[in-house]
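Residue numbers (the numbering used here): 127 to 418. Positions of the beta carbon are idealized from the N, C-alpha and C atoms, including for glycine. Fair warning: this is a prediction, and the values are worked out from it, not measured in the lab. Input: a single structure, listed below in structure tokens.
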């Protein structure tokens, strides 16, 4: 019979209680610096019309495609090519093609004229998305503006000018015409991004990490459309519950044959380093920072 260790169970309970106590101690909403954590805000851009965000992890890493004059950018989620023949960039956007002379924000235009090398990709099984977008189709509507960033960036989309709505029982207002958690109180905007709060007086200027969150946030009604942010408001029951869930041990099972058809694109030469602190003799591929 399998028996659960009472000592192990007690340790888990103590860890959960300690985490909850830590949250209660932070009821004053003071966020103290923690060694090793970066509290600097990402680049935050607020747009009042539909906009594409293309994140590139550092300078574009271009990999030549064998048998063509094309290069493929590997450190972005977008499908981006560079043609050395035409000195132009090509982006696949929702089944149609955009081109520009520079990989930068603005000035992108639709095109149906691609370099002949794309025909090589069309017949290759390695580029199914490209093949599905060939021959290029004509789209009459102008492309959405592009925001291209080489650093971590959060794009806040507002449907036109911000519409502020009152939150009953508080001095808070929230921007009702955005999906983002954007609030205002005391003449400042507050934005919640991945569990972290940032603030500014002007959404077009610099944002700063919040060190002390106003008490008003803890008074958001539980049935309010923005009540989910309570999980990120220190001292609230929702935040304590979120902490308890985060502290629960979680396990995942991965089959030994999982990823058998995974193809890894190596941009640099093969360099391996041994794992430290692990009971294994298997080397690990040293991967460039922007691929991790």
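Cβ-Cβ distance between residue 223 and residue 237 below 7 Å: yes
Closest by C-alpha distance to residue 211, when choosing among 205, 327 and 194: 194
Residue closest to residue 231, alpha-carbon to alpha-carbon, out of 258, 383 and 270: 270
Contact between the segment 184–194 and the segment 290–306 (3+ Cβ pairs under 8 Å): no
Per-residue burial, residue 264 [other beta carbons within 10 Å of its own, 16 or more giving buried]: exposed
Terminal residues of the alpha helix (DSSP H) in which residue 246 lies: 244–248
Chain-order list of residues whose beta-carbon lies under 6 Å from that of residue 139 (same chain, five-residue window excluded): With a pLDDT of only 47 at residue 139, under 50, the local geometry of the prediction cannot be trusted, and no value is derived from it.
Where residue 168 sits in the DSSP three-state scheme: coil
Distance CB(residue 275)-CB(residue 181) smaller than 7 Å: yes
The segment 243–258 in contact with the segment 275–285 per 3-pair CB rule at 8 Å: no
Given 8 Å, three or more beta-carbon pairs between the segment 329–341 and the segment 375–386: no
Beta carbon of residue 295 nearer than 7 Å to that of residue 345: yes
Of the listed residues 252, 360, 261 and 324, nearest to residue 169 (C-alpha basis): 324
Sequence-distant residues of the same chain with beta carbon closer than 8 Å to residue 287, five excluded per side: 174
Collapsed DSSP secondary structure at residue 290 in the structure displayed: strand
DSSP three-state assignment for residue 219, whether helix, strand or coil: strand
Bridge partner(s) assigned by DSSP for residue 323: 318
Spatially closest choice to residue 209 from 202, 239 and 183, by CA coordinates: 239
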